[in-house]
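Student: Before we start, here is the structure in question, set down as structure tokens.
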Amino acid sequence: MSDLPLRGRAILVIEDEYMLADELCTDLAEAGADIVGPAATVAAGMSLLDRTARLDGAVLDVSLGGELVFDLADALVRRGVPFVFTTGYDVAAMPDRFQAARHFHKPVPIAKIIAALRSR
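Here our numbering is used: the first residue of the sequence shown is 7, the next is one more, and so on.
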């Protein structure tokens with residue numbers, strides 16, 4: 007991408023499927039993002055969050071090997087870090103507190119994720 011829409015933005019990537027995580031990280035880096043992660047579990051994501059002083063956004067897979075990512079999303083909300091969910095689940099399965107959050111049904115075109123992160 008020639009204009010690097012995410013230039014200098016630190017983006018946390020939480021995804022448990024290796025190939026998806028790798029592709030997402032590559033695509034976000036090509037858009038100029040500084041990648042934090044990826045992490046494949048909530049615990050690893052929390053560890054990255056605790057060790058990272060500045061985050062400008064995050065991409066969260068809703069289900070990480072059957073473990074739901076909502077505790078990590080709550081921690082991001084407390085820090086004021088915007089995020090988007092990627093999921094294979096229906097929006098109705100999301101907790102009420104996250105019904106209004108940006109979410110994308112997999113597979114997600116990277117342009118949609120970049121646009122959502124750029125607008126925040």
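Every residue, glycine too, gets a C-beta built ideally from N, C-alpha and C. A quick note: this is a predicted structure, and the numbers were derived from the prediction, not measured.
Take alanine 45 as the anchor and find which of Gly38, Ala39, Leu18, Leu34 has the nearest alpha-carbon.
Tutor: Residue mapping note: residue 45 aligns to position 39 of the sequence shown, counting from 1. When only C-alpha atoms are compared, the closest one is Leu18.
Student: Of all the beta strand (DSSP E) runs that stay within the bounds of the stretch 51-108, which reach a length of 3 or more residues?
Tutor: Runs of the beta strand (DSSP E) inside the stretch 51-108: 63-67, 89-93.
Student: According to the Cβ coordinates, are phenylalanine 89 and valine 68 closer than 8 angstroms?
Tutor: Along the sequence shown, read from residue 1 onward, the residue named residue 89 stands at position 83. Along the sequence shown, read from residue 1 onward, the residue named residue 68 stands at position 62. No.
Student: Roughly how many angstroms lie between the CA atoms of histidine 111 and isoleucine 20, to the nearest whole one?
Tutor: Mapped onto the sequence shown, residue 111 falls at position 105. Mapped onto the sequence shown, residue 20 falls at position 14. Cα to Cα, the separation comes out at about 15 angstroms.
Student: Apart from the five residues on each side of it in sequence, which residues of its chain come closer than 8 angstroms, Cβ to Cβ, to glutamate 73?
Tutor: Numbered from 1 along the sequence shown, position 67 holds the residue referred to as residue 73. If we look at glutamate 73 and ignore the five residues flanking it on each side, its Cβ neighbours are Thr47, Val48.
Student: What does the alpha-carbon distance come out to for the pair glycine 6 and glutamate 23?
Tutor: Nothing about residue 6 can be read from this structure; the chain reaches only from 7 to 126.
Student: Around the Cβ of methionine 100, are there at least 16 other Cβ atoms within 10 angstroms (buried) or fewer (exposed)?
Tutor: Position 94 of the sequence shown, counting from 1, holds the residue named residue 100. The residue in question, methionine 100, is buried, as its Cβ has 16 or more Cβ neighbours within 10 Å.
Student: Under the criterion of a Cβ to heavy atom distance below 7 angstroms, does alanine 64 qualify as lining the ligand ATP?
Tutor: This structure simply doesn't include the ligand ATP, nor any ligand for that matter.
Student: Rounded to whole angstroms, what's the CA-CA distance from leucine 123 to glycine 71? Just pull it up for me.
Tutor: Translated into positions along the sequence shown, residue 123 becomes position 117. Translated into positions along the sequence shown, residue 71 becomes position 65. Approximately 25 angstroms between the Cα atoms of the pair.
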